Amino acid sequence: MDWFWFALISAAFISIETIIEKEILKKEHALQFSSVVTISVVVLSLVFLPYLNFDNLSLTQLLLIYLNSWLGAVAFLLVSRAIRHMEVSTVSPFLSFGPIFVLIFSLLFLKEHITNMHLFGIFLVVFGAYVLQSKENDYFAPIRAIIKSKYIHFIFIALILNGFSATLDRYFLKDGFLLDSVSYLFLMSIFLAINYSILITVLHGGFKEINKGFKISGFLILIMAALIIMGRLALFQAFTQTSAFLVEPIKRTSVLFVVLFGGALFHEKHIFKKFIASLIMLAGVYLIII
Numbered sequence: 003m004d005w006f007w008f009a010l011i012s013a014a015f016i017s018i019e020t021i022i023e024k025e026i027l028k029k030e031h032a033l034q035f036s037s038v039v040t041i042s043v044v045v046l047s048l049v050f051l052p053y054l055n056f057d058n059l060s061l062t063q064l065l066l067i068y069l070n071s072w073l074g075a076v077a078f079l080l081v082s083r084a085i086r087h088m089e090v091s092t093v094s095p096f097l098s099f100g101p102i103f104v105l106i107f108s109l110l111f112l113k114e115h116i117t118n119m120h121l122f123g124i125f126l127v128v129f130g131a132y133v134l135q136s137k138e139n140d141y142f143a144p145i146r147a148i149i150k151s152k153y154i155h156f157i158f159i160a161l162i163l164n165g166f167s168a169t170l171d172r173y174f175l176k177d178g179f180l181l182d183s184v185s186y187l188f189l190m191s192i193f194l195a196i197n198y199s200i201l202i203t204v205l206h207g208g209f210k211e212i213n214k215g216f217k218i219s220g221f222l223i224l225i226m227a228a229l230i231i232m233g234r235l236a237l238f239q240a241f242t243q244t245s246a247f248l249v250e251p252i253k254r255t256s257v258l259f260v261v262l263f264g265g266a267l268f269h270e271k272h273i274f275k276k277f278i279a280s281l282i283m284l285a286g287v288y289l290i291i292i
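Shown next, in the form of structure tokens:
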């Protein structure tokens, strides 16, 4: 199957994940949620044990993958905090900035090329974000909102971390030289679970909080863990075939589904304006990949 379809499948799973995540985060705090989900992902990933292959992996590369898992852990936690405290139909379009950071890191580390079309695409993504936060007769409202909101800051920090992380994912998965997508998924899942276990032990109630999280949202957590596994497998498979900055924009088409269905489900405001802003941003994303 072509990388485009793997990326699109990943987008579909991410859309459903985001809506379920918002529902769970009404009852759990972000770190508790992240810990419970990643542990569930590890448990479900045990079915892949017979298919794992780490023969080409050195200790140095293993350490680098573990460091990369911390980028992913912090990014996921920051986005979860934003989703918990903001409308999901606002958070999701902001994630369209992701391909910009992936493109920047791909240019720096993987020697990818940038064109005028890419630059115009970046402009459209930024303009879409302006429309998303705009208010009638107040042209500076979007700028103030972005400057003042710590949760928007969380999103941008997460996107920078994800941009670097996705570039490293592509490096490890390129042509299946070091790892196949299943082995990489399993390894990252183990490391993420370790990272969140450390964080929740240091910052909160440790495994008591994890147990409480399972009791509160156990069924939804398991559904989300299964979606994460399938979504990541599709995403990593796409990374084995093409550049990270081509895959990332397709993945972000999840924005439209989340804005329309998530916004309606949670009775959020200004859905039409957010939908238009999302279309503008996705048009920019499209220009970035061509």
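The numbering of the sequence shown is this note's numbering, which starts it at 3 and goes up by one. Ideal Cβ placement from N, Cα and C applies to all residues, glycine included. Quick caveat: nothing in here was measured; it's all calculated off a predicted structure.
- Return the chain-ordered list of same chain residues with a C-beta closer than 7 Å to the C-beta of residue 27, the five sequence neighbours on each side being excluded. 35, 82, 85, 86
task = Go ahead and label residue 220 buried or exposed: buried means 16 or more other beta carbons lie within 10 angstroms of its beta carbon, across all protein chains shown.
result = exposed
Beta-carbon proximity list for residue 109, same chain, < 7 Å, skipping 5 on both sides: The beta carbon of residue 109 sits closer than 7 Å to the beta carbons of 116 from its chain, once the five residues preceding and following it are set aside; these are given in chain order.
- Message: Measuring straight from C-alpha to C-alpha, what distance separates residue 3 and residue 236?
- Response: Taking the straight line from one Cα to the other gives about 10 Å.
**OP:** Taking 8 Å as the cut-off, decide whether the C-beta atoms of residue 256 and residue 55 are in contact.
**Re:** Cβ distance not < 8 Å, so residue 256 and residue 55 don't count as in contact.
Check your understanding: So, is residue 198 buried or exposed, given that buried needs 16 or more other C-beta atoms within 10 angstroms?
Key -> buried
Item checked: Helix, strand or coil at residue 63 according to DSSP, with G and I counted as helix -> helix
- [ ] Mind the definition here: the region 98 to 109 touches the region 44 to 52 only if three or more C-beta pairs lie below 8 Å; say whether that holds.
- [x] no
Exercise. Where residue 269 and residue 23 are concerned, what is the direct C-alpha to C-alpha distance, given to the nearest angstrom?
Worked result: C-alpha separation (whole angstroms): 16 Å.
- prompt: Hey, out of 41, 169, 10, whose CA is closest to residue 196's CA?
  reply: 41
> Which residue's Cα is closest to the Cα of residue 44: 97, 193, 76?
Replying inline: 193
**Request:** Compare the Cα-Cα distances from residue 189 to each of 21, 74, 15 and report the closest residue.
**Result:** 74
Report the residue from 182, 131, 107, 286 whose alpha carbon sits nearest the alpha carbon of residue 163. 107
Close beta carbons around residue 216, own chain, < 7 Å, minus the five adjacent residues each side: 38, 223
Quiz item: Among residues of its own chain, excluding the 5 on either side of residue 287, which ones have a beta-carbon nearer than 7 Å to its beta-carbon?
Solution: 98, 101, 123, 127, 251, 254
### Task
Let me know the secondary structure DSSP gives residue 55 once reduced to three states.
coil
Checklist entry - Going by the beta-carbon positions, is the gap between residue 133 and residue 278 smaller than 8 Å? => result yes
message: Suppose you measure from the CA of residue 88 to the CA of residue 153; what does that come to, to the nearest Å?
response: 8 Å
| query | Which residue spans inside the region 65 to 122 form an unbroken alpha helix (DSSP H) run of at least 4? | reply | 90 to 96, 100 to 111
Which residue's Cα is closest to the Cα of residue 59: 283, 249, 181? Distances from the CA of residue 59 to each of 283, 249, 181 were compared; the closest alpha carbon is that of 181.
Checklist entry - residue 268 by DSSP, collapsed to three states: which one? => result coil
Below 7 Å CB to CB, which residues in the same chain sit around residue 121 once its five sequence neighbours on both sides are set aside? none
Is it right to say residue 16 is buried, meaning 16 or more other beta carbons lie within 10 angstroms of its own, or is it exposed? Residue 16 should be labelled buried.
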